[in-house]
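Heads up: the structure comes next, in C-alpha cells.
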Amino acid sequence: MLYACQDRYGDMFTLRIAYEGKWVMLADPEAVRQVFTGDPRVFHAGEGNQILAPILGRNSILVLDEKPHMSQRKLLLPPFHGARMAGYEQTMGEIAAAEIDSWPTGTPYKLRPRMQALTLEIILRTVFGVGEEERLAPLREALRDFLDLSTNPRMLLPLVLMGPERVRRFPAFRRRIDRVDELIYREIAERRRVGDLEDRDDILSMLVAARHEDDSPMSDEEIRDELLTLLVAGHETTATSLSWAVERLARHPEKLARLREEAEAGEDDSYLTATIQETLRLRPVISIVIRRLTEPVEIGGYELPAGVSVTPSIYLIHRNPEIYPDPESFKPERFLDNPPGTYNWIPFGGGVRRCLGASFAQFEMAVVLKELVKRHQIRPANPKPERVFRRAITETPRHNAEVILN
Ligand code: HEM
Numbered sequence: 105m106l107y108a109c110q111d112r113y114g115d116m117f118t119l120r121i122a123y124e125g126k127w128v129m130l131a132d133p134e135a136v137r138q139v140f141t142g143d144p145r146v147f148h149a150g151e152g153n154q155i156l157a158p159i160l161g162r163n164s165i166l167v168l169d170e171k172p173h174m175s176q177r178k179l180l181l182p183p184f185h186g187a188r189m190a191g192y193e194q195t196m197g198e199i200a201a202a203e204i205d206s207w208p209t210g211t212p213y214k215l216r217p218r219m220q221a222l223t224l225e226i227i228l229r230t231v232f233g234v235g236e237e238e239r240l241a242p243l244r245e246a247l248r249d250f251l252d253l254s255t256n257p258r259m260l261l262p263l264v265l266m267g268p269e270r271v272r273r274f275p276a277f278r279r280r281i282d283r284v285d286e287l288i289y290r291e292i293a294e295r296r297r298v299g300d301l302e303d304r305d306d307i308l309s310m311l312v313a314a315r316h317e318d319d320s321p322m323s324d325e326e327i328r329d330e331l332l333t334l335l336v337a338g339h340e341t342t343a344t345s346l347s348w349a350v351e352r353l354a355r356h357p358e359k360l361a362r363l364r365e366e367a368e369a370g371e372d373d374s375y376l377t378a379t380i381q382e383t384l385r386l387r388p389v390i391s392i393v394i395r396r397l398t399e400p401v402e403i404g405g406y407e408l409p410a411g412v413s414v415t416p417s418i419y420l421i422h423r424n425p426e427i428y429p430d431p432e433s434f435k436p437e438r439f440l441d442n443p444p445g446t447y448n449w450i451p452f453g454g455g456v457r458r459c460l461g462a463s464f465a466q467f468e469m470a471v472v473l474k475e476l477v478k479r480h481q482i483r484p485a486n487p488k489p490e491r492v493f494r495r496a497i498t499e500t501p502r503h504n505a506e507v508i509l510n
C-alpha cells in the first residue's frame, strides 16, 4: 500500500487513520532532515504516545514533550552513552552464552521467544542491576506477565477503542501493574540504601545517583516510569531485530560464513556491524516515526496545518533504490565502505527524540550474534523467507525466526 501511494503521489502523501487523525508520510530524506532538526516545541512526539501513559506513567520520556521531555532525557542520556556499553560486554556475553547453550539442535526451533527471554535477562541485569536469583525470579515473572499484556496485539484494539484510562481499571491489567510496581519500588528503595552506588554500573543505580538541574534527585515515581519505559522500548525491539538478523543470515549461507570467519578470527567487527546495519535497514522493527504538529509548518512545498502528524517512513526511506541500489536484497557489504547516513538510515528515529538505546541495542545485537555464530551452524526450517507480521508495536518474522541449529 505504501509503495502504491508513493508511485501515485510521490514522496509525500496523507493517510487518514481511524482514531489517529491525519498522517503525512514522508519518504524524502530532505523532509526527514527538516523533521528531525525541527523545533521540538512544534514537532511533538510525546503527544502521539499518550496511549502508553497509563502503562508507563506520566513521567515516561516517551509520553513527554518540550521542557519536561528534555529534563528526563538529560538524566537518561549519560548511562546510555555509547562508550559506556563496553562495560556490559562480559555480562551480555555470559547471558547470551548460557541461553544459547540451552537451545536444542537438529530440530526446527523458533528463536524469537528465546531472544525475548535473552533480552529480558540482559535488561534485568544491566538496567535494573539485579543479579541474585532469589530477587531475579519474582521480578522476571512479574515483568514477563506485564510485557505479555502490554505488547499483545489483542490489547491494542481495546486500548484504542476504550481509551487507556478505562483499560487501566480492568482488574487483570491492574493486578499485573500493581505487582510490577510493588517489586520495582522495592528495588528502588533498596538501591537508595546501598553505600556503594558509585561503584555500580547498572542504569537504576545511575538514575538513583542522578540529579535534576536544581540538584534534586529523581523521585521514586520518575525512576519507576523510566525503568518500565526502558523495558518496553528496549526489550521486544532488540529481540525482534536479533530474530530478523538470524532469519536473514540463515537464508544467506555465504554471508553467514563470512560473519563466522570474522567472529572466529576475533580481530575486527566490521562485517558484524554492517550485518546489523543491513538488518535494521531491510527489516526495521518499527516502520515509522511520529511527530504531531503544534503549529503550521511548510514541508516539501506544502503548508501542513497544526494538529496533523508528520510520519517519516522508515520503511520507504530504507527501500529507496537511489539510496540503496537493489533495495530488497540483504547485502551487509553495502555498509562496509559507506557508513549509514543520518537522514537515510533511520531505524532509531532522529533528532532530540532519537532512540536512547541505539548504542545499547546495537552492542547487544553484536554480542549475541557473535556468541551464536561461533557456536552453531544455522539453516532455515522452511525454505520460504518469513513474511513481516505486525504485532502490537513491532514488525516481526511471521514464523518467529524458525531455524535448525547444528
Ligand atoms: C533494535 C532495537 C531498537 C529499535 C529499532 C528502537 C527504535 C526506536 C525508535 C524508532 C524510537 C523513536 C525515535 C523517534 O521518535 O525519533 C525509539 C525511542 C526510544 N527508545 Fe528505542 N529502539 C531499540 C532499542 C532500544 C533499547 C535497547 C532501549 C533502552 C534500553 C530503547 C529506549 C528508547 C527510548 C527511551 C526512546 C524514547 C526517546 C525519546 O523520546 O527521547 N530503545 N526507539
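Residue 510, in my numbering, is where the sequence shown stops; the numbers in between run on with no holes. We put the beta carbon where it would ideally sit given N, CA and C, even for glycine.
Residues that DSSP places opposite residue i in a beta bridge
i	result
Leu397	Phe147
Lys214	Glu506
Gly461	Answer is none; Gly461 lacks a bridge partner.
Leu119	Trp127
Arg315	Pro321
Ile392	Ser417
Any non-hydrogen atom of ligand 1 closer than 7 Å to residue i Cβ
i	result
Gly161	no
Phe464	yes
Thr333	yes
Cys459	yes
Ala149	yes
Phe452	yes
Leu386	no
Thr341	yes
Arg352	no
Ile390	yes
Ala505	no
Leu166	yes
Arg188	no
Ser413	no
Ser345	yes
Arg177	yes
Ala337	yes
Val128	no
Gly445	no
Gly455	yes
Val81	Because the chain here runs from 105 to 510, residue 81 falls outside it and cannot be looked at.
Val146	no
Val401	no
Val231	yes
Val298	no
Val234	no
Val393	yes
Proximity test, Cβ basis, 8 Å: residue i and chain C
i	result
Gly235	Judged by its chain identifiers, the structure shown contains no chain C, having just a single protein chain.
Residue range of the unbroken beta strand (DSSP E) whose run includes residue i
i	result
Glu203	Where Glu203 is concerned, there is no enclosing beta strand (DSSP E), although the alpha helix (DSSP H) it sits in stretches over 193-205.
Arg483	482-484
Glu499	499-501
N- and C-terminal bounds of the alpha helix (DSSP H) containing residue i
i	result
Met174	170-180
Ser345	324-354
Val284	275-297
Glu490	Per DSSP, Glu490 belongs to no alpha helix (DSSP H) and is neither H nor E.
Glu365	357-369
Asp111	106-113
Ser374	374-386
Ala135	133-140
Leu160	157-160
Point to revise | Contiguous beta strand (DSSP E) assignments of at least 3 residues, all confined to the segment 214-250 | key: none
Point to revise | Ordered list of beta strand (DSSP E) runs contained in the segment 399-458, each at least 3 residues | key: 401-403, 406-408, 413-416
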